[in-house]
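My numbering applies: residue 2 is where the sequence shown begins, and numbers increase by one.
Every residue, glycine too, gets a C-beta built ideally from N, C-alpha and C.
Since we're looking at a predicted model, the values are computed, not measured.
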Amino acid sequence: YGPWALVAGSSEGLGAAWATALADRGLNLVVCGRRPAPLEAFAAALRARAGVEVRAVVCDLASPDAAPALEAATCGIEVGLLVYNAALSPIGPFLDQDASRLAATISTNCATPVLLANLFGRAMRARGRGGIVLMGSLSGLQGSARLATYAATKAFTLVLAEGIARECRPAGVDVLACIAGATRTPGY
2 YGPWALVAGS
12 SEGLGAAWAT
22 ALADRGLNLV
32 VCGRRPAPLE
42 AFAAALRARA
52 GVEVRAVVCD
62 LASPDAAPAL
72 EAATCGIEVG
82 LLVYNAALSP
92 IGPFLDQDAS
102 RLAATISTNC
112 ATPVLLANLF
122 GRAMRARGRG
132 GIVLMGSLSG
142 LQGSARLATY
152 AATKAFTLVL
162 AEGIARECRP
172 AGVDVLACIA
182 GATRTPGY
């Protein structure tokens with residue numbers, strides 16, 4: 002899809018694996034995460050490993066400013082692949098969850114991927130090529146006690162990707178939900 006890929010939530014875990022695999026295939030990268038130090042260290046390691054250009058963008062994907070910030074950070078480059086890997090997963094009984102944490106989960110897991118898929122998908126459609134990967138979870142295939150909000154947002158991810166895929170396929174844009182199972186990552 003190249004020449005650039007944007008991997009949201011790429012400082013560690015599955016996002017770092019996506020970014021590393023894409024860099025190894027020669028794509029330049031925009032990596033995005035909340036914590037500056039690990040993100041900058043990861044970006045430097047990718048540059049050294051694969052010899053590609055890497056832009057590190059510190060961004061809280063729960064923020065309503067996330068999509069505009071990433072749009073500004075990618076100005077002037079052609080993002081041919083969007084991988085939305087970021088997720089929040091409050092664990093515990095639903096009724097014991099803090100409302101602000103639930104809102105941040107919905108923003109990170111639903112609102113921001115919708116806005117980014119729309120933003121970058123439009124440019125991909127105009128070029129007649131591109132790809133969007135929205136990371137889902139096996140949790141999204143059924144209600145899960147102690148993970149109710151996360152599971153619901155991952156069901157949203159799956160249905161969103163299916164719908165967008167049907168619309169974008171004729172325009173040359175591939176869209177899929179990648180449904181990960183239990184994976185040992187720092188957030189798990």
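In three-state DSSP terms, what is residue i?
i       : result
Ser-2   : Per the sequence presented here, residue 2 reads as Tyr, with Ser not at that position. If DSSP states are grouped into helix, strand and coil, Tyr-2 belongs with coil.
Cys-76  : coil
Gly-81  : strand
Ala-46  : helix
Ala-181 : strand
Gly-10  : coil
Can you give me the C-alpha to C-alpha distance between residue i and residue j, rounded to a whole angstrom?
i       : j       : result
Arg-147 : Asp-61  : 24 angstroms
Gly-93  : Arg-128 : 44 angstroms
Arg-56  : Arg-36  : 14 angstroms
Ala-44  : Ala-105 : 26 angstroms
Gly-3   : Glu-54  : 12 angstroms
Ala-166 : Ser-12  : 27 angstroms
Asp-200 : Val-160 : Nothing about residue 200 can be reported from this structure: the residues present for the chain run from 2 to 189 only.
Gly-10  : Val-59  : 10 angstroms
Ala-172 : Phe-95  : 41 angstroms
Which residue comes first and which comes last in the beta strand (DSSP E) that contains residue i?
i       : result
Arg-147 : Neither: Arg-147 is in no beta strand (DSSP E) and is coded neither H nor E.
Arg-56  : 55–59
What are the boundary residues of the alpha helix (DSSP H) that residue i is part of?
i       : result
Gly-16  : 14–25
Ser-101 : 100–107
Gly-137 : Element bounds for Gly-137: not the alpha helix (DSSP H) but the beta strand (DSSP E), 131–138.
Leu-120 : 113–128
Which whole-angstrom value describes the C-beta separation of residue i and residue j, a residue pair presumed to lie in contact below a C-beta threshold of 8 angstroms?
i       : j       : result
Leu-40  : Trp-5   : Not really, about 17 angstroms apart at Cβ, beyond 8 angstroms.
Cys-179 : Met-136 : 5 angstroms
Val-8   : Thr-75  : About 12 angstroms; that fails the 8 angstroms criterion.
Would you say the region 147–156 touches the region 109–117, given that touching needs at least three Cβ pairs under 8 angstroms?
yes
Could you tell me whether the region 80–93 touches the region 42–52, using the rule of 3 or more Cβ pairs below 8 angstroms?
no
Sufficient close CB pairs (3 or more, under 8 angstroms) joining the region 111–125 to the region 61–80:
yes
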